[in-house]
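Each residue of the sequence shown is one higher than the one before, starting from 1 at the first, in UniProt numbering.
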Amino acid sequence: MLREKGYLPAKESELNRPIKEMPPLRVSDLFDPSKYFNEEMGNKILALSTETTTNSSGAVVNTFEALETPELQSVRDELGATIPVFAIGPLHKLSNNGDRSSLLEQDRSCIEWLDTKEPGSVLYVSFGSVVRVNQDDFTEVAWGLANSGRPFLWVVRPGLVAGSSGKPDLPDGFREAVEDRGKMVDWAPQAEVLAHHAVGGFWTHNGWNSTLESIFEGVLMLSRPSFGDQPVTARYVQETWRTGFLVEGKVERGKIEKAIRRLMEGEEAAEVKERADELKKQMLMCLEDGGSTQQAVDKLVDHILSL
Numbered sequence: 001m002l003r004e005k006g007y008l009p010a011k012e013s014e015l016n017r018p019i020k021e022m023p024p025l026r027v028s029d030l031f032d033p034s035k036y037f038n039e040e041m042g043n044k045i046l047a048l049s050t051e052t053t054t055n056s057s058g059a060v061v062n063t064f065e066a067l068e069t070p071e072l073q074s075v076r077d078e079l080g081a082t083i084p085v086f087a088i089g090p091l092h093k094l095s096n097n098g099d100r101s102s103l104l105e106q107d108r109s110c111i112e113w114l115d116t117k118e119p120g121s122v123l124y125v126s127f128g129s130v131v132r133v134n135q136d137d138f139t140e141v142a143w144g145l146a147n148s149g150r151p152f153l154w155v156v157r158p159g160l161v162a163g164s165s166g167k168p169d170l171p172d173g174f175r176e177a178v179e180d181r182g183k184m185v186d187w188a189p190q191a192e193v194l195a196h197h198a199v200g201g202f203w204t205h206n207g208w209n210s211t212l213e214s215i216f217e218g219v220l221m222l223s224r225p226s227f228g229d230q231p232v233t234a235r236y237v238q239e240t241w242r243t244g245f246l247v248e249g250k251v252e253r254g255k256i257e258k259a260i261r262r263l264m265e266g267e268e269a270a271e272v273k274e275r276a277d278e279l280k281k282q283m284l285m286c287l288e289d290g291g292s293t294q295q296a297v298d299k300l301v302d303h304i305l306s307l
């Protein structure tokens with residue numbers, strides 16, 4: 001459909017074009033196979049994905065009913081009654097592993113640092129374990145955080161800056177500018193950080209797991225997606241769930257400073273926080289006995305046993 005309607009392959013002049021059939025998405029949010037594969041290979045991959053799904057015995061999805069009600073219904077309508085869809089998320093709350101499944105060693109000194117901060121005052125910054133940024137963007141992010149005046153916990157993992165596998169060098173004068181207001185670590189116990197009372201915002205790449213963890217804790221999101229499904233998720237954060245804001249375009253310290261203040265201060269931030277708390281409440285309800293997730297898990301078990 002996206003090709004038939006002319007949305008793909010994406011044209012530079014139409015990146016901001018709304019996709020009427022898939023609100024609130026824009027062309028720039030779409031995964032465009034032509035960026036990674038030639039047309040023949042892209043078509044084969046899409047055809048294989050479609051064939052695999054339509055020939056499956058069911059679809060298991062890491063989401064919950066209240067978060068994506070119309071989207072789940074669309075999937076069910078498309079697949080038909082013979083392929084049940086089980087929304088069993090958020091999976092990170094159904095597992096006892098939590099942050100222990102991390103591939104990187106966690107620096108738990110950040111929890112002690114958070115203990116010294118006021119409730120809801122800290123911005124947590126992490127772009128996940130895969131996303132890389134260039135040196136100029138890294139510098140602008142650093143000074144945007146410094147100039148915002150907000151306390152922040154920043155995951156600066158080795159290899160974050162493209163072209164180097166080592167730990168990035170912070171700009172000259174940065175540590176002196178932020179002093180104890182900023183804490184930098186190689187890696188953090190993210191679920192525990194987001195659950196901490198001092199954390200009020202999360203600057204994220206909007207990987208799906210990170211997004212669900214943030215929603216579960218009622219933490220507002222500042223979205224800077226990179227690839228894959230991240231742009232779609234970020235658009236939903238801003239336009240549909242309205243629990244955060246997108247940082248789009250060129251990375252500039254002034255833009256970053258304004259975005260952080262917008263997320264963490266004032267009446268608009270308070271309104272977004274109310275919506276985040278309501279979404280958190282809905283997620284908690286889905287995990288209760290008789291909730292939609294628990295029902296989906298039970299139905300999934302029954303379905304597997306019936307095969």
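Just so it is clear, CB atoms sit at the ideal spot from N, CA and C, and this is done for glycine as well.
To the nearest angstrom, report how far apart residue i and residue j are at their CA atoms.
| i | j | result |
| --- | --- | --- |
| serine 13 | threonine 116 | 48 Å |
| arginine 253 | alanine 81 | 51 Å |
| glutamate 71 | leucine 104 | 34 Å |
| serine 74 | valine 297 | 20 Å |
| isoleucine 256 | glycine 144 | 5 Å |
| residue 314 | tryptophan 241 | With the chain represented from 1 up to 307, any question about residue 314 goes unanswered, as that position is not in the structure. |
| lysine 20 | glycine 291 | 33 Å |
| aspartate 186 | glycine 173 | 20 Å |
| residue 368 | histidine 92 | Not covered by the structure: residue 368. The range shown for the chain is 1 to 307. |
| threonine 69 | threonine 139 | 40 Å |
| proline 23 | leucine 222 | 20 Å |
| arginine 108 | arginine 157 | 14 Å |
| glycine 159 | threonine 54 | 39 Å |
| isoleucine 304 | serine 148 | 52 Å |
| proline 18 | glutamate 112 | 45 Å |
| alanine 188 | leucine 114 | 12 Å |
| isoleucine 260 | glycine 249 | 16 Å |
| tyrosine 7 | leucine 30 | 9 Å |
| valine 272 | glutamate 39 | 41 Å |
| arginine 76 | methionine 264 | 38 Å |
| glutamate 78 | aspartate 137 | 41 Å |
| aspartate 289 | glutamine 295 | 8 Å |
| aspartate 180 | arginine 150 | 11 Å |
| proline 168 | aspartate 277 | 35 Å |
For residue i, does the count of other Cβ atoms within 10 angstroms reach 16, so buried, or fall short, so exposed?
| i | result |
| --- | --- |
| phenylalanine 227 | exposed |
| glycine 182 | buried |
| serine 306 | exposed |
| glutamine 230 | buried |
| lysine 5 | exposed |
| methionine 41 | exposed |
| arginine 175 | exposed |
| threonine 52 | exposed |
| asparagine 134 | exposed |
| tyrosine 36 | exposed |
| isoleucine 215 | buried |
| methionine 1 | exposed |
| alanine 162 | exposed |
| histidine 197 | exposed |
| lysine 11 | exposed |
| valine 95 | Inspection of the sequence shows that residue 95 is occupied by serine rather than by valine. Answer is exposed; the Cβ neighbour count stays below 16. |
| threonine 50 | exposed |
Measure from the alpha carbon of residue i to the alpha carbon of each residue in the options, then state which is nearest.
| i | options | result |
| --- | --- | --- |
| valine 141 | Ser164, Ser121 and Leu170 | Leu170 |
| valine 178 | Phe152, Glu112, Ser164 and Leu25 | Phe152 |
| glutamate 293 | Val75, Asn16 and Val85 | The question names glutamate, yet the displayed sequence has threonine at residue 293. The candidate whose alpha carbon is nearest that of threonine 293 is Val85. |
| valine 131 | Ser74, Thr240 and Pro225 | Pro225 |
| residue 308 | Leu46, Pro119 and Val27 | There is simply no residue 308 to check, as the chain begins at 1 and stops at 307 in what is shown. |
| lysine 258 | Gln135, Ala146, Thr69 and Thr53 | Ala146 |
| glycine 201 | Arg108, Ser164, Gly207 and Arg262 | Arg262 |
| valine 301 | Ser34, Ser57 and Asp32 | Ser57 |
| arginine 275 | Ser109, Leu15, Leu2 and Val219 | Val219 |
| proline 90 | Ala198, Trp208, Trp154 and Asp289 | Trp208 |
| glutamine 106 | Gly163, Met184, Glu78 and Asn38 | Met184 |
| arginine 26 | Leu79, Arg150, Glu239 and Asp277 | Glu239 |
| tryptophan 154 | Ser129, Glu192, Trp203 and Asp137 | Trp203 |
| threonine 211 | Gly128, Asp136, Asp289 and Pro168 | Gly128 |
| glutamate 192 | Lys299, Asp289, Cys110 and Gln295 | Cys110 |
On the premise that residue j lies in contact with residue i, defined as a C-beta separation below 8 Å, what is that separation, rounded to the nearest angstrom?
| i | j | result |
| --- | --- | --- |
| glutamate 213 | glutamine 190 | 6 Å |
| isoleucine 83 | alanine 59 | 6 Å |
| valine 237 | asparagine 206 | 7 Å |
| asparagine 16 | serine 28 | 7 Å |
| residue 313 | leucine 46 | It is not possible to answer for residue 313, since the shown part of the chain is limited to 1 through 307. |
Handout entry: the region 61–79 / the region 276–295 touching (three or more Cβ pairs under 8 Å)
Key = Counting Cβ pairs under 8 Å, three or more are found: they touch.
Handout entry: At least 3 beta-carbon pairs within less than 8 Å: the region 233–249 vs the region 117–135
Key = Under the 8 Å Cβ criterion, the region 233–249 does not count as touching the region 117–135, having fewer than three qualifying pairs.
Problem - Touch test, the region 239–248 against the region 259–268, Cβ-Cβ under 8 Å, three pairs minimum - result: The region 239–248, when compared against the region 259–268, does touch it at the 8 Å Cβ threshold.
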